[in-house]
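Asks: Numbering-wise, the working numbering comes out as the position in the sequence shown, counting from 1, plus 3. Ideal Cβ positions, reconstructed from N, Cα and C, are used throughout, including at glycine. One structure, pasted below without further comment.
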Amino acid sequence: MRRLINDPYDVVEEMLSGYVKAHSDYVKLLEHDGRVVVTTNPVPGKVGVIIGGGSGHEPLFLGYVGKNFADAAVIGNINTSPSPEPCYNAVKAVDQGKGCIYLYGNYAGDVMNFDMGAEMAADDGIRVETVLVTDDVVSSENIEDRRGIAGDLFVFKAAAAAAAKGMDLDAVVAAAKKCNDNTRSMGVALSSSTIPVKGGTIFDMEDGDMEIGMGIHGEPGVRRGKIEPADQVVDEIMEHILKDFPLSEGDEVYTLVNGLGGLPLMDQYILHNHLEEVLRGKGVKVYKSLVGNYATSMDMIGMGITLVKVDEELKELLDYPVDTPYMSIR
């Protein structure tokens, strides 16, 4: 394992401590709960936006807490859902009487523990609604059973913008659901990530192999084989995405080529280059694009492609100004 850490059992606490020190003008930890990162620049009088999940995917989730984005992020252990109490504590910290929304990827542990947090908040008279992100096209034939991966970013952004614009909780939920319904992702891994407490990789992969469709926790994909040229990888991923999510000539999409932690930016831009060629070849307009590490799996070598089909409403929400350590739109 090639990592620069101290005690492997302290990595999450030390990361969070370092993060809030580095970005103290944006965020802080709750005094009574060191697993909840909250904004230091709250927008008054709005719905509370709470995101979260296991650590190891930085800058997801803590990197998107800030002005007009998430009000709080609840952080679990590596690849492990946060426990119910921090989920509840986040609600207590950011609720302003308008209710709160939980937003996170569709993983069983997260669903169970965030639901318990919502029940605890309900006992205090605080309404909490949940929208699960389900963008990974190959994780299930049933959309409601799919896991959430890098599409989290867009769903979080749409909901947060709706809240910042002063919409009520029902409208914020509707914005999140609309964005989720119009978002699709798929990835490829060329290596496993390494887990500090294990001192090694999650799974075995031969040098020179890749797995199409692998999840960010190492969940099995659809095919394993030898590494292929970048354009062929994009073609295969897009074949799966477009089969599930047909786009018509004249449609507009927001694209993301998301690095999983270990893939050079050089490679990511090469992949984006062909992604735009594929879309333009189908008459699909690229509205805007992101390239970089937005939702990682620690040091996994790999990437994912996310498409969001946008209309004027989603454009406005995704373009709404935000200021956080890992995303700034002015």
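1. Along the chain, where does the beta strand (DSSP E) containing Leu-65 start, and where does it finish?
2. For Gly-112, name the three-state secondary structure that DSSP assigns.
3. Consult DSSP for Arg-283 and reduce its assignment to one of helix, strand or coil.
4. Roughly how many angstroms separate the alpha carbons of Phe-72 and Leu-7, rounded to a whole number?
5. Contact check, Ile-104 vs Leu-172 under 8 Å by CB: the rounded distance?
6. Thinking Tyr-290 and Tyr-323 are a contact (beta carbons under 8 Å), I'd like their distance in whole angstroms, please.
7. Would you kindly check if the distance between the Cβ of Ile-78 and the Cβ of Pro-89 is under 9 Å?
8. Looking at C-alpha atoms only, which residue of Thr-133, Val-191 and Glu-222 is the closest neighbour of Pro-232?
9. What is the C-beta distance between Gly-57 and Asn-82, in whole angstroms, given that I count them as a contact (C-beta under 8 Å)?
10. Cα separation between Pro-11 and Asp-127?
11. Any idea if Val-200 is buried or exposed, counting beta-carbon neighbours within 10 angstroms, 16 or more meaning buried?
12. Answer with buried or exposed for Asn-9, where buried requires no fewer than 16 other C-beta atoms within 10 angstroms of its C-beta.
13. Please classify Phe-157: is it buried, with 16 or more other beta-carbons within 10 angstroms of its beta-carbon, or exposed?
14. Check whether the Cβ atoms of Tyr-67 and Lys-160 lie closer than 9 Å to each other.
15. When the Cα of Gly-120 is compared with those of Asp-139, Val-94 and Phe-206, which residue comes out closest?
16. For Ser-331 versus Gly-286, is the C-beta spacing smaller than 9 Å?
17. Let me know if Met-303 comes out buried or exposed under the rule of 16 or more other beta-carbons within 10 Å of its beta-carbon.
Replies: Quick look at the numbers:
1. One-based indexing of the sequence shown puts residue 65 at position 62. Neither: Leu-65 is in no beta strand (DSSP E) and is coded neither H nor E.
2. Start at 1 with the first residue of the sequence shown, and residue 112 comes out as number 109. In this structure, Gly-112 counts as helix in the three-state DSSP scheme.
3. Along the sequence shown, read from residue 1 onward, the residue named residue 283 stands at position 280. Residue state, collapsed to three classes: helix.
4. Taking the sequence shown and counting its residues from 1, one reaches residue 72 at position 69. Taking the sequence shown and counting its residues from 1, one reaches residue 7 at position 4. Roughly 30 Å between the two C-alpha positions.
5. On the sequence shown, position 101 is the one that residue 104 refers to. On the sequence shown, position 169 is the one that residue 172 refers to. Yes, Ile-104 and Leu-172 are in contact; Cβ-Cβ is about 7 Å, under 8 Å.
6. Here residue 290 is taken as the residue at index 287 of the sequence shown, counted from 1. Here residue 323 is taken as the residue at index 320 of the sequence shown, counted from 1. The Cβ separation is near 15 Å, so there is no contact.
7. By 1-based counting over the sequence shown, the position of residue 89 is 86. By 1-based counting over the sequence shown, the position of residue 78 is 75. For Pro-89 and Ile-78, yes; Cβs fall inside 9 Å.
8. For the purposes of this step, residue 232 is taken as residue 229 along the sequence shown, with counting starting at 1. Here the closest residue by C-alpha is Val-191.
9. Position 54 of the sequence shown, counted from the first residue, corresponds to residue 57. Position 79 of the sequence shown, counted from the first residue, corresponds to residue 82. Contact flag correct, Cβ pair sits at about 5 Å.
10. Taking the first residue of the sequence shown as position 1, residue 11 is located at position 8. Taking the first residue of the sequence shown as position 1, residue 127 is located at position 124. Pro-11 and Asp-127: Cα-Cα distance of roughly 37 Å.
11. In the sequence shown, residue 200 corresponds to position 197, counting from 1. The residue in question, Val-200, is exposed, as its Cβ has fewer than 16 Cβ neighbours within 10 Å.
12. Numbered from its first residue, the sequence shown carries residue 9 at position 6. Under this definition Asn-9 is an exposed residue.
13. Taking the sequence shown and counting its residues from 1, the one referred to as residue 157 is at position 154. It is buried - the Cβ of Phe-157 has at least 16 other Cβ atoms within 10 Å.
14. For this step, residue 67 is matched to residue 64 along the sequence shown. For this step, residue 160 is matched to residue 157 along the sequence shown. Cβ atoms of Tyr-67 and Lys-160: closer than 9 Å.
15. Start at 1 with the first residue of the sequence shown, and residue 120 comes out as number 117. Of the candidates Asp-139, Val-94 and Phe-206, the one whose C-alpha sits nearest the C-alpha of Gly-120 is Val-94.
16. Numbered from 1 along the sequence shown, position 328 holds the residue referred to as residue 331. Numbered from 1 along the sequence shown, position 283 holds the residue referred to as residue 286. No, the pair does not count as a contact, with Cβ atoms beyond the cut-off.
17. As a first step, residue 303 must be located in the sequence shown, where it is residue number 300. With 16 or more Cβ atoms within 10 Å of its Cβ, Met-303 is classed as buried.
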